[in-house]
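Listed in order, the protein sequences are those of chains A and B.
Residues in the first sequence are numbered consecutively from 29, following my numbering.
Residues in the second sequence are numbered consecutively from 237, following my numbering.
Yeah, the Cβ is synthetic: ideal placement off N, Cα and C, and Gly gets one too.
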Amino acid sequence: MAKATFEVPELTQYTEVPPITPGAMAHSAPFKSREEFQTPLGFPGELVEDWQARAIDKMGELLGKYRSLRVYMDACVKCGSCTDKCHYFLGTGDPKNMPVARQDLMRKVYRRYFTLSGKLFPKLVGAEDFTEEVLNDWYSYFHQCSQCRRCSVFCPYGIDTAEISMAAREIMDSIGVGQKYCNEIIGKVYKIGNNLGLPGPALEDTLEGLEEDVYDDTGVRVKYPIDQVGAEILLVTPSADFFAEPHVDGLIGYGKVFHEAGVSWTLSSYASEAANFGMFIGSYDNMRRLAQRIREAAIELKVKRIVFGECGHAWRVAYSFLNTLAGPWDFLDPRYPVPQHICEFTYELIQQGKLNLDKSENDDKVLTYHDSCNVARASRMGNTPGGQFEIPRAIIRATCNNFYDMDEDTIRDRTFCCGGGGGLLTDDLMELRVKGAKPRVDALNNVMQEKGVTHMATICAICKSQFTKVLPYYGLDMDQIVSLHQLVSNAIVLTPGPDDEDEDDDEPDPDDPNDEEETDEAA
Amino acid sequence: MAFLTNFYAFLFYFAAFVLVAGLARKIIQYARTPAPLKIPTTPAPTTGRGVVLRMMREVVLFESLFRGNKWTWVFGWMFHFGLLLVTLRHLRYFIEPVWFPIQLVQPFGIYGGIAMILGLAGLWARRFLVDRVKYITSTSDHLILGLLIAIGCTGLLMKFVFHVDVVEIKHFFQGLYSYDIQPLPADPLLLLHLFLVALLMIIFPYSKLLHMPGLFFSPTRNQVDNPRERRHIAPWARKLEQS
């Protein structure tokens, strides 16, 4: 078990609503961004002189640009429906982690400067000047929101704290108070092409290594191509898929699925990142710039389709915003939606019976499935509402014999965030990440006790990274987290291709040369 | 006497103006503010008809609140449905002849008044009894609840205990339509009731009561989930495309 400098909450069968503990997480805030990370994104390097006036101007600008913000500032009646819905509140008990209270950090400033009642009777309506203290609260608590939108499900007016925390972060960035983790990462994409700063040659190396590994395992040459002009499909996937565990097992799985589908595909070293951290900082401009790279890569490589790998918020940006930000996509094959999720792709093949799946390959596992928040509450798969819940589950059922869902109140659109989303997947926020994961880990632990579940599959790079790091704090094993396409990868029975033939000719089996011929015929 | 009548006549002209103009201003502001990205909370309907249905369930049944908190839903729904019945019942003061459905609803309006007060009492109790809700409650939240309960109680008292001349009240309001000011009965309870109602109308566009128009403009609820099929681009975002 990892060492903690804070108290790790004890797991409980049902996540109980804690009594409020004011200030419990006031100390928690991410490292501030420095000039070198701020400037490439178009933000001032440090807190500007007249920050208050500029912040209020920016707020006015955003109120005019985003209907969500405008309406949500006015509409809250403080009914309390959201107060026990946030995983960070449930894990920490800090009342400012109740969505309504978090929103009110902005609302009290909004009232003071933009409403008549707040100008005339600030005390009465809870309006406050934008002081340095308030700004510090903003920095702490708007970085304790993973923008998972669980609160918006239960709000009678659909007030979405994600929209408010995005606006708050954009305002803070515009006065020079940025979050290092997000902004540094966005800069890396601009410079190198992906969040992790992996240059093209490193990616090529990794992919070659994967091809060899898969060949050693299966005897089949599955291709993992990059920058191949004229490929049919451009795969855009989070850069964690190139090397992190268990992410890379998912990437291996995508390649096997494409192999079986018999389509040509390619990755791009220019758009080697599906994640779009522009969303986390609420910056339309940066989100757009990041999305445009995918368009440029698609044109460059002359592809016909775009498929996204397993990543939660990346899929939200792809599904909901890509067409708006980087479209129109009229140069692609109109028979397919732009973009498609790898799960949609795999599911279609399964339905058509084109994948030969041996479920028993996953018999060493009993599975459950974690709905990633941005997939569940902010995107869709397939043609019908809720496809994002059903399609991944259908794939799991097609690849495994043992599957159990967690408690109904913690899955589908009521799913709990892993605790590391929204740009909070940084080591400086370890306490928040561990405590915020508690509701999900409670439910996981529960289904482990009751159903003997051993593994949890998920389709988000952040979820995978977060859980592998955080589960050990709760006495669980980091290997319990698997990529969904890892299950596909295990179960899929590969069809040998013509390349495998060549390989066999080079190294004939001295014992039984006829064996190869039979295999070839079978293929 | 004449002073009181004139004062109330002016008060209601003023309150009606603030309510209508203030709400219109807000609605225009909401409608004009672009929603640059599709952000429906999913699973969301993929057709306009589906969105209308989703909205109706929110407005009539408070669907999301029902999923969120049963107690708040019970009290909240009781209050709002009660208020609807009471409002329908009160229409008889403002229209002549009184439409048949409004005649039918009269007795239910009384139950509505009682339900409204019970619902409000429950909502108010939560603000003291639940530590989370207590934490988020501000003075104005108490004041609005107090105002609504006071309106309800003065109304019910006039119905059950201290009766007032409803015919004269109707004359007063009918007269307002044609700037023909008719005398208002100088009943303290009635005057208090009417004063509070006018106050409610005045604060409406400047308070959290904006949740009423706000609900219809909430992008998480009113957007169609079709971003892959259709480009959804705000005017200010379109300008970025030209650069």
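message: Checking 8 Å against the spacing of the C-beta atoms, do A/I199 and A/A83 come in under that value?
response: Taking 8 Å as the Cβ cut-off, A/I199 and A/A83 qualify as a contacting pair.
- request: Take A/L522 as the anchor and find which of A/G450, A/V242, A/P47 has the nearest alpha-carbon.
  value: Checked all of A/G450, A/V242, A/P47; the closest Cα to A/L522 is A/V242.
Pick from B/G391, B/Y371, B/D416, B/Q459 that is closest to B/L427, judged by C-alpha positions: If we check each option's Cα against that of B/L427, B/G391 comes out closest.
- prompt: Would a C-beta distance cut-off of 8 Å place A/A325 and A/S348 closer than the cut-off?
  reply: The Cβ-Cβ distance between A/A325 and A/S348 does not fall below 8 Å.
query: In the structure shown, what three-state DSSP assignment does B/V400 receive?
result: For B/V400, the three-state secondary structure derived from DSSP is coil.
- prompt: Quick one: does B/L476 have its CB under 8 Å from some CB of chain A?
  reply: For B/L476, the nearest CB of chain A lies under 8 Å from its own CB, placing it at the interface with that chain.
- request: Please report the residue range of the beta strand (DSSP E) in which B/M448 lies.
  value: Careful: B/M448 lies outside any beta strand (DSSP E), inside the alpha helix (DSSP H) at 447-453.
Residues that DSSP places opposite A/F431 in a beta bridge: Beta-bridge partners of A/F431 (DSSP): A/L395.
message: Please tell me whether B/P270 has its Cβ less than 8 Å away from any Cβ of chain A.
response: Yes, B/P270 lies at the interface with chain A (some Cβ there is under 8 Å from its Cβ).
Where A/L263 sits in the DSSP three-state scheme: A/L263 falls in the strand class under three-state DSSP.
- prompt: For the stretch 381-393 of chain A against the stretch 504-522 of chain A, are there 3 or more C-beta pairs whose distance is under 8 Å?
  reply: A contact exists between the stretch 381-393 of chain A and the stretch 504-522 of chain A.
query: Tell me the DSSP bridge mates of A/T294?
result: Beta-bridge partners of A/T294 (DSSP): A/L262.
Listed by chain order, chain A residues near B/D461 by CB distance under 8 Å: The contact set of B/D461 on chain A, defined by CB atoms closer than 8 Å, consists of R408, P413 in chain order.
- request: Give the DSSP bridge partners of A/K60, in chain order.
  value: Partner(s): A/Q207.
- prompt: According to DSSP, is A/H369 helix, strand or coil?
  reply: Shown here, A/H369 sits in a strand according to DSSP, grouped into three states.
message: Out of A/P526, A/E459, A/T482, which one is the CA nearest neighbour of A/G119?
response: Out of A/P526, A/E459, A/T482, A/E459 has the C-alpha closest to the C-alpha of A/G119.
- request: Report the option in B/L359, B/P337, B/T323 whose CA atom is closest to the CA atom of B/F311.
  value: When B/L359, B/P337, B/T323 are compared, the shortest CA-CA separation from B/F311 is found for B/L359.
task: Would you check if the distance between the CB atom of A/A404 and the CB atom of A/F417 is smaller than 8 Å?
output: Cβ distance < 8 Å, so A/A404 and A/F417 count as in contact.
query: Which chain B residues are close to A/P365, counting only those with a beta carbon under 9 Å from its beta carbon?
result: Against chain B, a Cβ distance below 9 Å from A/P365 picks out R464, E465.
task: Anything in the stretch 92-125 of chain A with a Cβ closer than 8 Å to a Cβ of chain B? List those residues in chain order, please.
output: Flagged, chain order: G92, K93, Y94, R95, S96, R98, V99, Y100, D102, A103, C104, V105, K106, C107, G108, S109, C110, T111, D112, K113, P123.
field: Alpha-carbon to alpha-carbon, A/G278 and A/Y312
entry: The alpha-carbon atoms of A/Y312 and A/G278 are separated by roughly 30 Å.
message: I'd like the span of the beta strand (DSSP E) that includes A/H115, first residue to last.
response: No beta strand (DSSP E) holds A/H115; the alpha helix (DSSP H) holding it covers 115-120.
task: Can you pull the chain A residues whose beta carbon is under 9 Å from the beta carbon of B/K306, in chain order?
output: Neighbours of B/K306 on chain A: none; closest Cβ ~10 Å, over 9 Å.
query: How would you call A/N402, buried or exposed, if buried means at least 16 neighbouring beta carbons within 10 angstroms?
result: Looking at its Cβ environment, which holds 16 or more other Cβ atoms inside 10 Å, A/N402 is buried.
message: Taking 6 Å as the limit between beta carbons, can you name the residues of its chain near B/F344, skipping five residues before and five after?
response: Cβ within range, chain order: L321.
- request: Could you work out which residues of chain A lie near B/E294, taking near to mean beta carbons separated by less than 9 Å?
  value: In chain order: P184, Y185, G186.
Beta-carbon spacing of B/Y266, B/P449 below 8 Å: A contact, by the Cβ cut-off of 8 Å.
task: In angstroms with no decimal places, state the Cα-to-Cα distance between B/H316 and A/T111.
output: Their Cα atoms are separated by approximately 22 Å.
- prompt: My guess is that B/P281 and B/R290 are in contact by the Cβ rule of under 8 Å, so how many angstroms apart are they, rounded?
  reply: The beta-carbon distance between B/P281 and B/R290, rounded to whole angstroms, is 6 Å. This is short enough to meet the 8 Å contact definition.
- prompt: Between A/L90, A/G451, A/L504, which lies nearest to A/E212 when the distance is taken from Cα to Cα?
  reply: A/E212 has its Cα closest to that of A/G451, out of A/L90, A/G451, A/L504.
Where B/H468 sits in the DSSP three-state scheme: In this structure, B/H468 counts as coil in the three-state DSSP scheme.
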